[in-house]
DNA sequence: GTTAGCACTCACTTCACCCGAGTGCTAACG
DNA sequence: CGTTAGCACTCGGGTGAAGTGAGTGCTAAC
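Protein chains in written order, with my numbering: chain A, 1 to 347; chain B, 1 to 347.
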């Protein structure tokens with residue numbers, strides 16, 4: 001039971017009008033504003049059909065029609081025209097994006113704020129995570145008496161460090177020696193390469209420092225395994241721009257939900273089954289009670305095969321999908337360069 | 001013109017009732033609920049006086065009275081009883097606080113969320129900043145061909161690093177030598193010790209690496225000077241718990257304001273002239289248009305003389321000052337231990 | 001100085017009413 | 001037979017009048 005050309009045109013008109021005005025759209029308005037060559041009455045008949053087929057909803061008898069979740073889905077999959085950003089828009093975006101970033105952390109917060117601003121919607125974004133994880137370099141330095149600093153450099157270049165107390169009688173020189181040895185043993189290895197036998201080998205060679213080595217090895221493993229995808233929520237208050245959230249209770253429910261890091265993470269890990277780079281999840285497709293009336297446009301971003309992360313823009317189901325998808329695509333294109341630059345300059 | 005005992009009692013009753021109910025309080029209710037031994041009529045007279053003196057406001061003729069900003073100020077300065085947390089409350093707090101923290105960053109986000117939860121108000125909090133800044137250790141290591149990692153350890157123990165491209169022909173050994181030399185020159189110095197003459201001395205000794213040295217020195221200075229007080233906003237949506245923000249426009253204005261990092265920073269850098277550890281800033285004392293109807297309870301936190309930062313709880317001027325002050329004090333007491341522990345284990 | 005009494009004020013609620021956008025149906029038209 | 005004009009009907013939202021009740025301010029008595 002697929003939709004005829006005419007029904008599709010009408011559905012598209014309704015979805016777009018509704019996205020633009022947030023008001024239920026009536027047959028007469030479609031007849032007037034869209035040049036379909038049809039009278040209001042005809043459109044009315046088609047609308048009745050579309051409602052019966054589940055593509056439209058009626059808030060009440062004497063209001064116009066509103067797209068149902070199915071309607072949005074069909075629109076997004078089949079009717080939505082690709083909106084391409086104008087040169088001017090891209091330029092504005094570039095000037096906003098190209099600023100001095102202190103670190104990757106700040107890229108995420110700044111970029112998600114920018115996205116919020118241009119989409120007028122809350123944005124969730126994960127920190128770029130390093131894809132693979134192998135040890136490039138392990139180094140220990142004494143930074144004061146009895147306190148050593150372990151520095152672990154991972155491939156892709158992220159650097160982590162940890163301070164460790166050293167029991168009294170290990171000298172500076174010994175730490176140096178341990179450092180060099182450990183580095184020779186671990187450089188190039190990933191988490192699964194550092195197995196029981198490897199550890200035994202290390203202990204065997206430097207048994208007298210076993211306690212100290214254990215702490216270091218644990219930390220190295222933690223670095224390799226930890227995939228701390230911290231999530232940042234930008235411009236949450238933007239949800240209040242949308243008339244569907246002018247009800248204070250609904251607004252509160254949403255803001256409470258998204259204020260919670262775990263929930264934000266959940267949102268970002270959604271999928272709609274497809275494998276395209278930008279995913280659209282509409283209403284309860286998310287399977288999250290609190291997101292029943294919202295949609296999410298999700299994009300993956302990448303930088304040089306090293307870093308990757310996710311960006312999600314959250315809005316009412318009535319959100320302007322075309323524009324938001326295009327914004328995300330444009331930003332994604334810029335992001336790669338910025339991330340790589342920041343990543344290689346600082347950490 | 002100071003307030004007589006009776007006026008003070010009545011003012012206190014009004015402030016506390018209003019804080020509890022969020023409704024303008026009338027003379028009759030005070031007579032009934034507080035055992036002042038006075039009739040409603042007498043209280044009415046005193047209230048008229050208090051209004052004339054500026055301690056009370058009247059939303060309109062036929063409503064009860066509401067504390068004015070001056071009224072709150074007097075209450076906070078002179079009438080507020082110290083509320084001390086119960087053993088149970090402290091214990092609950094402790095179980096919430098004592099969890100595994102990945103780093104100082106996560107302490108801030110977790111703690112501010114906890115504070116938001118118990119105060120039912122938005123919380124702003126800065127990352128702990130290192131008080132003094134002297135170089136303890138500078139170290140460079142080659143992490144791949146042409147790429148060196150500079151590690152700077154500051155006193156207090158914060159560690160920062162940066163990757164630097166190295167022009168082709170500097171060897172691993174040479175970097176080691178530069179590293180040792182630079183460390184010997186810089187260890188123990190603060191920003192102002194690294195002056196022109198010191199830099200000349202370094203260039204003089206190792207002139208052939210001047211370009212590389214310049215990058216390293218710039219980074220060291222940046223570490224010493226930078227006081228990046230990143231700010232975290234927790235539980236912003238809590239503002240919606242308060243009836244004064246049930247108006248969607250007011251809620252939006254506030255949330256927009258606090259969503260902006262710069263504004264959050266502004267809030268935390270407020271002062272009320274006093275020097276006590278917990279400051280209360282009421283209404284337009286903040287001098288921020290958007291905070292006209294809100295108050296802020298500000299506290300400094302410290303850890304071992306090394307770290308310090310600020311916590312601010314934001315609520316309507318009608319907020320429960322006594323309870324919030326006490327909560328902040330209790331948390332502050334716990335925070336020191338947690339911060340020191342995290343700080344010395346990881347950074 | 002304190003209190004009881006009373007007239008007055010004013011936000012808030014309720015209710016009836018109307019208006020208008022929009023629908024669904026029917027009958028006529030090409 | 002699909003399309004269209006016409007018309008009765010629906011129903012949310014807006015308006016204004018009336019009623020309600022908490023609270024005040026004043027006055028006079030205790």
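Just so you know, even glycine gets a beta-carbon here, dropped at the ideal spot from N, CA and C.
The model shown is predicted, which means the values in this text are computed figures rather than measured ones.
Rounded to whole angstroms, the gap between the alpha carbons of residue 250/B and residue 240/A is 11 Å. Collapsing the DSSP output to three states places residue 187/A in coil. If you draw a 10 Å sphere on the C-beta of residue 200/B, you find fewer than 16 other C-beta atoms in it, and that means exposed. Flagged as an interface residue toward chain A: residue 161/B, by a C-beta distance shorter than 9 Å. Considering only 138/A, 144/A and 5/A, the residue with the shortest C-alpha distance to residue 188/A is 138/A.
With 16 or more other CB atoms across the displayed protein chains lying within 10 angstroms of its CB, residue 13/B is buried. Distance from the Cα of residue 177/B is smallest, within the candidate group 163/B, 142/B, 164/B and 154/B, for 142/B. Per DSSP, residue 141/A lies in no alpha helix (DSSP H) segment; the continuous beta strand (DSSP E) that holds it begins and ends at 135-144. At a C-beta separation below 7 Å, residue 259/B has these neighbours in chain A: 235, 236 and 237. For the 9 Å CB-CB criterion, residue 120/A and residue 272/A do not form a contact. If you ignore the 5 residues before and after residue 105/B, its C-beta comes within less than 7 Å of the C-beta of 127, all in its own chain and listed in chain order.
One alpha carbon belongs to residue 220/B, the other to residue 193/B, and they sit about 12 Å apart. When Cβ-Cβ separations below 9 Å define contact, residue 244/B makes no contact with chain A. 285/A is the residue among 290/A, 340/A, 285/A and 311/A whose C-alpha sits nearest the C-alpha of residue 72/A. Taking a Cβ-Cβ cut-off of 9 Å, the neighbours of residue 248/A in chain B comprise 240, 245, 246, 247, 248 and 251, given in sequence order.
Contact between residue 25/A and residue 54/A is absent: CB atoms are separated by about 17 Å, not below the 8 Å threshold.
Under the criterion of beta carbons closer than 8 Å, residue 224/A and residue 153/A do not qualify as touching, at roughly 12 Å.
By a beta-carbon distance limit of 8 Å, residue 90/B contacts residue 330/B. Their separation comes to about 6 Å.
In terms of beta-carbon proximity, residue 120/A stays away from the interface with chain B, with every pair separated by 9 Å or more. Annotated as distal: residue 262/B and residue 303/B, with beta-carbon spacing of 9 Å or more.
When the Cα atoms are used, residue 74/B and residue 81/B turn out to be separated by approximately 12 Å. By alpha-carbon distance to residue 294/B, the top candidate from 243/B, 61/B and 17/B is 243/B. In this structure, 51/A is the residue among 51/A, 69/A and 70/A with its C-alpha nearest to the C-alpha of residue 61/A. Here DSSP, grouped into helix, strand and coil, assigns residue 161/A to strand.
For the C-beta of residue 97/A, not a single chain B residue is nearer than 9 Å; the gap to the nearest is close to 17 Å.
Within the same chain, and ignoring the five residues on either side of residue 185/A in sequence, the residues whose Cβ sits closer than 6 Å to its Cβ are 202.
Residue 118/A: member of the alpha helix (DSSP H) spanning 104-119, first to last residue. Non-local beta-carbon contacts of residue 323/B in its own chain, meaning distances under 6 Å to residues more than five positions away in sequence, involve 83 in chain order. Here the stretch 208-222 of chain B makes contact with the stretch 159-167 of chain B; the two share three or more CB pairs at distances below 8 Å. Contact check for residue 312/A against residue 299/A passes: the beta carbons are separated by less than 9 Å.
Collapsing the DSSP output to three states places residue 210/A in a helix. Residues of the stretch 129-145 of chain B with a C-beta atom less than 9 Å from some C-beta of chain A are 136, 137, 139, 141, 142, 143 and 144, listed in chain order. If you draw a 10 Å sphere on the C-beta of residue 155/A, you find 16 or more other C-beta atoms in it, and that means buried. In this chain, residue 255/A is not harboured by any beta strand (DSSP E); it is covered by the alpha helix (DSSP H) spanning 248-259. With a cutoff of 9 Å on beta-carbon distance, residue 30/B and residue 321/B are scored as not near each other. Looking at the DSSP output, residue 301/A sits in a beta bridge with 309/A.
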